[in-house]
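Engineer: After the structure tokens below, expect a handful of questions from me.
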Amino acid sequence: APEALMQALEDLDYLAALDDDGNLSEVGIIMSEFPLDPQLAKALIASCEFDCVEEMVSLAAMLTVSPCFVSPSTHLEEAVTLRRRALLHPHGDHFTLINIFNAFQQRECSRAGLHNGDDGWCRKHGLSGEALRLAGTVRAELLEVMRRIELPVSPPAFGTAANALNLQRALISGYFLKVGGGCAGPGRAVVPAAPLPSRCAPQVARDIDGSGNYVMLTHKHVAHLPPACCYLLRQPPRRPPPWVLYHEFTISQDNCLRVVSEIQPQMLVELAPQYYLSNLPASESRDLLMELREKLVAAEDAPALPE
1 APEALMQALE DLDYLAALDD DGNLSEVGII MSEFPLDPQL AKALIASCEF
51 DCVEEMVSLA AMLTVSPCFV SPSTHLEEAV TLRRRALLHP HGDHFTLINI
101 FNAFQQRECS RAGLHNGDDG WCRKHGLSGE ALRLAGTVRA ELLEVMRRIE
151 LPVSPPAFGT AANALNLQRA LISGYFLKVG GGCAGPGRAV VPAAPLPSRC
201 APQVARDIDG SGNYVMLTHK HVAHLPPACC YLLRQPPRRP PPWVLYHEFT
251 ISQDNCLRVV SEIQPQMLVE LAPQYYLSNL PASESRDLLM ELREKLVAAE
301 DAPALPE
């Protein structure tokens with residue numbers, strides 16, 4: 001449809017993939033080298049700047065293949081949930097996917113030569129060995145593309161505080177599109193501003209009442225954390241994060257976000273284009289982001305203090 005085409009072009013423009021004439025920019029040409037959606041390709045390119053390529057390429061592979069989680073039999077649910085908790089990462093689902101991939105790869109290396117030797121481990125954790133092996137293949141292909149076009153590949157640093165921040169920066173660089181707002185709160189209806197597709201592109205959402213209900217600014221639609229989200233599985237449970245980046249939103253099934261990780265709005269303001277923030281529909285969340293943006297600009301324009 002013409003509307004979908006125009007939206008796609010606008011998204012590419014926000015991602016700096018187009019030049020002033022509407023042709024692919026230098027960034028857009030590099031993005032087109034990857035068999036990934038534009039947001040994920042931009043995040044992978046940004047990981048070169050933020051020195052987290054090893055982790056981002058693993059995450060890109062995990063997000064590209066079929067979901068690695070398998071529903072266990074009813075009588076095994078409790079045991080599987082307990083084992084999965086050991087793989088949860090405090091920074092969110094994106095980091096948990098990297099944890100799972102790394103754990104599987106370590107077992108693959110230690111059990112080299114054993115055919116399907118890790119299927120038992122996968123069953124115990126409610127994971128798909130087939131999806132994880134395919135993710136390894138996809139990861140190798142993505143790394144080959146990066147080497148072919150001579151993009152820098154930083155060494156692994158997963159688990160450090162600096163690496164976690166850099167991963168968040170890289171993700172936001174590609175996933176700032178369709179920034180979301182806060183929960184409507186009890187008794188307040190939220191009506192979509194436009195028809196929603198069954199699946200929405202990666203977004204950022206905000207929860208303002210602390211109940212785990214998130215609303216997207218562009219659609220003004222409330223969604224929820226899925227039962228398998230790391231923030232709900234952790235023990236003891238914690239309050240849901242106020243701002244999250246998520247990979248997918250399904251309205252047709254359970255109205256839940258998919259693959260959710262906490263971010264800081266200050267980081268979003270730093271990395272999203274100014275004209276994108278200005279074009280957001282009016283809302284409390286937009287006002288908050290614009291206020292943060294004004295403070296950031298004021299700090300940048302302030303004269304440096306003499307030493």
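In UniProt numbering, the protein residues as written are 1 to 307. Backbone N, C-alpha and C define an ideal beta-carbon position, used for all residues, glycine too. As the structure is a prediction and not an experimental result, all values here were calculated from the model.
1) Cys256 and Ala170 look like a contact to me (Cβ under 8 Å); what is the Cβ gap, rounded to whole Å?
2) Check each candidate in Pro156, Leu151 and Ser71 and name the one with the smallest Cα separation from Pro227.
3) Helix, strand or coil for Phe104 per DSSP?
4) If I measure Cβ to Cβ from Glu78 and keep anything under 7 Å in the same chain, skipping five residues before and after, which residues do I get?
5) So Met12 packs on Leu5, CB below 8 Å; how close in whole Å?
6) Under the rule that 16 or more other beta-carbon atoms within 10 Å means buried, what is Lys42, buried or exposed?
7) For Glu33, which residues from the same chain have a beta carbon less than 7 Å from its beta carbon, with the 5 sequence-adjacent residues on both sides left out?
8) Can you name the start and end residues of the alpha helix (DSSP H) that Cys52 belongs to?
9) Just tell me which of Glu55, Cys122, His221 and Glu284 has its CA closest to the CA of Leu167.
10) Between Leu97 and Leu36, which are expected to be in contact by the criterion C-beta below 8 Å, what is the C-beta distance as a whole number of angstroms?
11) Using a 10 Å radius around the Cβ and a threshold of 16 neighbouring Cβ atoms, would you call Tyr214 buried or exposed?
12) For my contact list, His221 and Gly212 are in at a C-beta cut-off of 8 Å; report their separation, rounded to the angstrom.
13) If you measure between the beta carbons of Asp287 and Pro242, is that distance less than 9 Å?
14) Can you tell which of Leu268, Leu289, Ser154 and Gly129 has the C-alpha that lies nearest to the C-alpha of Gln105?
15) Mapping the DSSP letters down to three states, classify Leu88 as helix, strand or coil.
16) Straight-line CA distance for Val297 to Leu232?
17) Contact between the region 153-162 and the region 127-141 is defined here as three or more beta-carbon pairs at a separation below 8 Å; is this criterion met?
18) Using 8 Å for Cβ pairs, my map puts Phe176 next to Leu271. What's the rounded Cβ distance?
19) Which partner residues of Ser66 appear in the DSSP bridge assignment?
20) So, using beta-carbon positions, are residue 326 and Thr64 closer together than 9 Å?
21) Would you check if the distance between the CB atom of Pro273 and the CB atom of Leu292 is smaller than 9 Å?
22) Report all residues from its chain with a CB closer than 7 Å to the CB of Val57; omit the five preceding and five following residues, and keep chain order.
Structural biologist: In short, the structure shows the following:
1) To locate residue 256, count along the sequence shown from 1; it is residue 256. To locate residue 170, count along the sequence shown from 1; it is residue 170. With a Cβ gap of about 25 Å, Cys256 and Ala170 do not count as contacting.
2) Taking the sequence shown and counting its residues from 1, the one referred to as residue 227 is at position 227. The residue from Pro156, Leu151 and Ser71 with its alpha-carbon nearest to that of Pro227 is Ser71.
3) Working through the sequence shown from its first residue, we reach residue 104 at position 104. In the structure shown, Phe104 sits in a helix (DSSP, three-state: H, G or I).
4) Position 78 of the sequence shown, counted from the first residue, corresponds to residue 78. Result list for Glu78: empty, nothing under 7 Å.
5) Along the sequence shown, one-based indexing puts residue 12 at 12. Along the sequence shown, one-based indexing puts residue 5 at 5. With the sequence shown as reference, residue 12 is identified as Leu, and Met is not the correct amino acid for it. Not a contact, Cβ separation roughly 11 Å.
6) In the sequence shown, residue 42 corresponds to position 42, counting from 1. Label assigned to Lys42: buried.
7) Here residue 33 is taken as the residue at index 33 of the sequence shown, counted from 1. Answer for Glu33: Val145 and Ile149, listed in chain order.
8) Here residue 52 refers to the residue found at position 52 when the sequence shown is read from its first residue. No alpha helix (DSSP H) contains Cys52, which DSSP labels as neither H nor E.
9) Residue 167 sits at position 167 when you count from the first residue of the sequence shown. When Glu55, Cys122, His221 and Glu284 are compared, the shortest CA-CA separation from Leu167 is found for Glu55.
10) Residue mapping note: residue 97 aligns to position 97 of the sequence shown, counting from 1. Residue mapping note: residue 36 aligns to position 36 of the sequence shown, counting from 1. With 8 Å as the limit, Leu97 and Leu36 do not qualify as a contact, their Cβ atoms being about 15 Å apart.
11) As a first step, residue 214 is located in the sequence shown; it is residue number 214 there, counting from the start. Classification for Tyr214: buried.
12) Mapped onto the sequence shown, residue 221 falls at position 221. Mapped onto the sequence shown, residue 212 falls at position 212. In fact, because the Cβ distance is near 15 Å, the residues do not count as touching under 8 Å.
13) For this step, residue 287 is matched to residue 287 along the sequence shown. For this step, residue 242 is matched to residue 242 along the sequence shown. Contact flag unset, no.
14) Locating residue 105 in the sequence shown gives position 105, where the first residue counts as 1. That would be Gly129, whose Cα lies nearest to the Cα of Gln105.
15) Against the sequence shown, residue 88 aligns to sequence position 88. Note: Leu88 maps to coil in three-state DSSP.
16) Within the sequence shown, numbered from 1, the residue matching residue 297 stands at position 297. Within the sequence shown, numbered from 1, the residue matching residue 232 stands at position 232. For Val297 and Leu232, the distance between alpha carbons rounds to 37 Å.
17) no
18) For the purposes of this step, residue 176 is identified with residue 176 of the sequence shown, where counting begins at 1. For the purposes of this step, residue 271 is identified with residue 271 of the sequence shown, where counting begins at 1. About 6 Å; that satisfies the 8 Å criterion.
19) One-based indexing of the sequence shown puts residue 66 at position 66. The partner list for Ser66 (beta bridge, DSSP) is empty, contrary to what the question assumes.
20) Any property of residue 326 remains undetermined from this structure, which presents the chain solely from 1 to 307.
21) In the sequence shown, residue 273 corresponds to position 273, counting from 1. In the sequence shown, residue 292 corresponds to position 292, counting from 1. Cβ distance not < 9 Å, so Pro273 and Leu292 don't count as in contact.
22) Within the sequence shown, numbered from 1, the residue matching residue 57 stands at position 57. The answer, listed in chain order, is Leu44, Arg139, Leu142 and Leu143.
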